[in-house]
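So the protein lines, in turn, are chains A and B. Residue numbers for the first sequence follow the working numbering, beginning at 1 and rising by one. Residue numbers for the second sequence follow the working numbering, beginning at 1001 and rising by one. Using N, Cα and C, we set each Cβ at its ideal position, and we do this for glycine too. Since the structure is predicted, the reported quantities are computational estimates derived from the model, not experimental observations.
2 protein chains.
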Amino acid sequence: MAQPTVEDVAREANVSRQTVSNVINTPSIVKPATRDRVQAAIAQLGYRPNLSARRLRQQKSSTIGVRLDPVRNGISGAVLDRFVHALTEQADARSMRVLLFTAASPQDEIEQIRSLHEGADVDAFVLTATFHGDPRTAWLIENDVPFVTFGRPWGIDDMDDPKHLWVDIDGREGVKDATARLIDDGATRVGWVGWPRPSGTGDDRRAGWEEAMRERVGASDAELVALSVESYDGVSEATETVADMLRAGRVPDALVCASDTLALGALIAASSAGLTDLPIIGFDNTPVAEAVGLSSVDQVLDRVAVATLELLLGSEGNSIVSRGTDAGPSHRLIAPALVLRTPNHLPLYGTTTERTAPAVRNHHRKETS
Amino acid sequence: MAQPTVEDVAREANVSRQTVSNVINTPSIVKPATRDRVQAAIAQLGYRPNLSARRLRQQKSSTIGVRLDPVRNGISGAVLDRFVHALTEQADARSMRVLLFTAASPQDEIEQIRSLHEGADVDAFVLTATFHGDPRTAWLIENDVPFVTFGRPWGIDDMDDPKHLWVDIDGREGVKDATARLIDDGATRVGWVGWPRPSGTGDDRRAGWEEAMRERVGASDAELVALSVESYDGVSEATETVADMLRAGRVPDALVCASDTLALGALIAASSAGLTDLPIIGFDNTPVAEAVGLSSVDQVLDRVAVATLELLLGSEGNSIVSRGTDAGPSHRLIAPALVLRTPNHLPLYGTTTERTAPAVRNHHRKETS
DNA sequence: ACTCAGAATTTGATCGATCAAATTTTTTGG
DNA sequence: CCAAAAAATTTGATCGATCAAATTCTGAGT
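Take a look at the structure:
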């Protein structure tokens, strides 16, 4: 037989369509005895509500749209993918779905969003890689389309706009913790490898390092300048930059980096300069970091995903919360987690092949809560 | 005003609902003059068809379901994510959508698939990580739900089942090419670092290496055994394994590996043993390989995505092709592409800091067509 | 002019669910 | 025991599109 409908279930249970509907959507208003009878009928016939019909009637889709960025930026490019993954899992727990789409340009993306939203295919959007003066967020706000961005709007005005919901990783705090940890372990001259300024995310992370250095070891402006370098986000660029730093005699006790890419470069430069024991901490906790045994600040994307949905749906429900009514916080800053590892490669033992010079040290990890 | 409907457009253009519908779906049967008038009205009102309504009527969703695997297996875990990405882009070009879902177990996944399919939310599925005797594919076939798997069904019987559509990377050919390339470059003793057998994918890749070695350098069984090792898919495991191999004096001219993870381990072991120039080729072309300048066999996931959709939708259309009618091929083997790089790290120059000993060599890549 | 096939367009029904309002049943309280 | 309130259930309308069938228009052939 074809897929059973409410009608079939109703007939089977000797009730009306609406009662069946109520059992599914608002069980509390149905008398227990009736409810049981209907549920039995549902189970017996294997009934599943047709979501297209429901959406048509309710004018909503229980679906969240996420744009996959066409640009893949190397090592950290997978962060977005991991976020999508986490979001899908969390959405699932709220019986929401995640629909992906792609767009060639911001304008095209707006067009897609429009189409998805007006076609009642998607109730809300999650945007990534937003920037100051982003036409997409302006359009979304203007057209009253619910959305949350993963990433702060870095413009000063936007930051507290209650109409712009956002979730972000507290890079400052994460880097501060990482730096503090290195200091606790005995370092005093902790260096910073960052991205060229200005960079919203990058400057924020750097601020964490700076804060920790000032508070914990009373670093002066001059010392901070001497201990920090900037590099584009590429392994070879970072290697070169850090190598230059070391050659110039600005040798730190440890390094904190704005990304795993930079950290990998730093690791190579340090190893190459014979500093095999220089502690280095990256950012993003990518598979690369795991592979080479690099400590890193993890973005705890599952928590970001949870927060995203909380902003969108409220703490409990599974339908989009209309803003302005209940004024919950309009953004969430998530504290990242430091993942400490011991390097498991780049052993610079020359050409020895003796058994007593193990090529690989023990690999163990430990996560901060 | 609320979102305009066919009704509104019809009124504006002085035609009936159905004519508007025809302009959208079968423009050829509408008289040009009328068509233009309707199109003008559509543009003027900014009309978008409501997809839920269309789906309800047509009993299809133009949506493909993909399950995101909850397990993340290190470096190569991102391959699935990249595939999803490519699939989304290709689907977009066919005006199809990709819906993600997760499931805790195969049984749960079947339940989800059932729900998505019967709720008319998803027309077809793409499965990954299938295995011999997979209950999911059996269920899908039995229930006539269209699907394609990324990955061969490795059981002998299943392989040519016309009901089981699949797309896969021709690992054998990819590894054979890689091996041949190394031989062309002068190597004769090309080693193999693979996964413990039996392993469908792993054994297939190994077969490529074996073939190339037999055909091009006439390697004997004994030589093949001496040149190959097996390791679980972890960096440290691979490092250990290859280090053992080298210590035992089984030193190859070059290495081909079943994964980038293994290749990274091999790279570390080789460097550590002083073999800085040992050519190594991995598999998957992950960001890690790119970062460390490791050559690798790329899975050309965009082509896999194209092939997946071709199996599902035929070469042109945008609706699911019912199998059995037109008996196109039921599977596609995609030849991967070799990406050659020169290592850009692991420089074993001791502790020199001279400028003339560059820490980083030039990084250039080249793809085979 | 006139018929008739084929093209173009319109009309009425339908997909499967939920909403809003109406009706019936049950409970409460005097 | 009955009226009024509350709870439970049912009925009719509707969401926005497409399908199938009916109708009107057009142009070729005589």
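Check	Outcome
Minimum C-alpha distance to valine 300 (chain A) - residue among A:Leu100, A:Glu211 and A:Arg82	A:Arg82
Beta-bridge partners of threonine 375 (chain A), as assigned by DSSP	Residue 375 (chain A) falls outside the range modelled here, since chain A spans only 1 to 369, and no answer is possible.
Partner residues on chain A for serine 1061 (chain B), Cβ-Cβ distance less than 8 Å	Ser52
Min CB distance threonine 1325 (chain B) to chain A below 8 Å	Residue confidence for threonine 1325 (chain B) is low, a pLDDT of 47 falling below 50, so the modelled location carries little weight; the figure read from the coordinates is stated next. No, its Cβ sits nowhere closer than 8 Å to a Cβ of chain A.
Spatially closest choice to histidine 85 (chain A) from A:Glu310, A:Leu338, A:Arg341 and A:Val306, by CA coordinates	A:Val306
Beta-carbon proximity list for threonine 325 (chain A), same chain, < 8 Å, skipping 5 on both sides	Note that threonine 325 (chain A) scores a pLDDT of 47, beneath 50, so its modelled location is shaky; the value from the coordinates is reported in the next line. Cβ within range, chain order: n/a, list empty.
Whether isoleucine 64 (chain A) touches valine 145 (chain A) by CB criterion (8 Å)	no
Simplified DSSP assignment, three categories, for aspartate 168 (chain A)	strand
Those residues which DSSP pairs with valine 1066 (chain B) across a bridge	B:Leu1100 and B:Val1126
C-beta neighbour in chain B for glutamine 3 (chain A), strict 8 Å	yes
Contact residues within the stretch 1093 to 1115 of chain B, judged by C-beta distance below 8 Å to chain A	Arg1097, Val1098, Leu1099, Leu1100, Phe1101, Thr1102, Arg1114 and Ser1115
Among A:Glu240, A:Arg189 and A:Pro162, the one whose alpha carbon lies nearest that of histidine 225 (chain A)	With the sequence shown as reference, residue 225 (chain A) is identified as valine, and histidine is not the correct amino acid for it. Cα-wise, what sits closest to valine 225 (chain A) is A:Arg189.
Closer than 7 Å at the beta carbon, the chain A residues around leucine 1068 (chain B)	His85 and Thr88
Aspartate 1108 (chain B), DSSP secondary structure in three states	helix
8 Å contact criterion, which arginine 1172 (chain B) and aspartate 1204 (chain B) should meet: CB distance rounded	5 Å
Element boundaries [beta strand (DSSP E), containing serine 296 (chain A)]	295 to 298
Best match in B:Leu1056, B:Gln1039, B:Pro1336 and B:Thr1286 for proximity to glycine 1208 (chain B) [C-alpha to C-alpha]	B:Pro1336
Three-pair Cβ contact test at 8 Å for the stretch 1289 to 1296 of chain B versus the stretch 1243 to 1256 of chain B	no
Cutoff 8 Å: alanine 291 (chain A) Cβ touching any chain B Cβ	yes
Under 8 Å between C-beta atoms of alanine 1178 (chain B) and valine 1297 (chain B)	yes
Residues that leucine 338 (chain A) bridges to, as DSSP identifies them	A:Val297
Cross-chain neighbours of glutamate 1142 (chain B) in chain A, by beta carbon under 8 Å	Per Cβ cutoff of 8 Å: no residues; glutamate 1142 (chain B) is ~15 Å from chain A at best.
Cβ distance (whole Å) where leucine 100 (chain A) is taken to contact leucine 68 (chain A) below 8 Å	5 Å
Beta carbon of phenylalanine 1150 (chain B) nearer than 8 Å to that of valine 1167 (chain B)	yes
Alpha carbon of leucine 1140 (chain B) to alpha carbon of phenylalanine 1147 (chain B), nearest angstrom	7 Å
N-terminal and C-terminal residue of the alpha helix (DSSP H) that serine 1272 (chain B) is part of	1260 to 1272
Near-chain A residues of the stretch 1261 to 1273 of chain B - C-beta to any C-beta below 9 Å	Thr1261, Leu1264, Gly1265, Leu1267, Ile1268, Ala1269, Ser1271, Ser1272 and Ala1273
Helix, strand or coil at valine 1175 (chain B) according to DSSP, with G and I counted as helix	helix
Where the beta strand (DSSP E) containing leucine 255 (chain A) begins and where it ends	254 to 257
C-beta contact flag for glutamate 1142 (chain B) and arginine 48 (chain A) at 8 Å	no
Range of the contiguous alpha helix (DSSP H) that encloses isoleucine 1042 (chain B)	1032 to 1045
Chain A contact for alanine 1010 (chain B) (CB, 8 Å cutoff)	no
Limits of the unbroken beta strand (DSSP E) element including valine 23 (chain A)	It is not in any beta strand (DSSP E) - valine 23 (chain A) instead sits in the alpha helix (DSSP H) that spans 17 to 25.
Enclosing beta strand (DSSP E) for tryptophan 192 (chain A) [first to last residue]	190 to 194
Whole-angstrom C-beta distance between alanine 1124 (chain B) and leucine 1312 (chain B), which should lie under 8 Å	5 Å
Isoleucine 1029 (chain B): first and last residue of the uninterrupted beta strand (DSSP E) it sits in	Element bounds for isoleucine 1029 (chain B): n/a, residue is neither H nor E.
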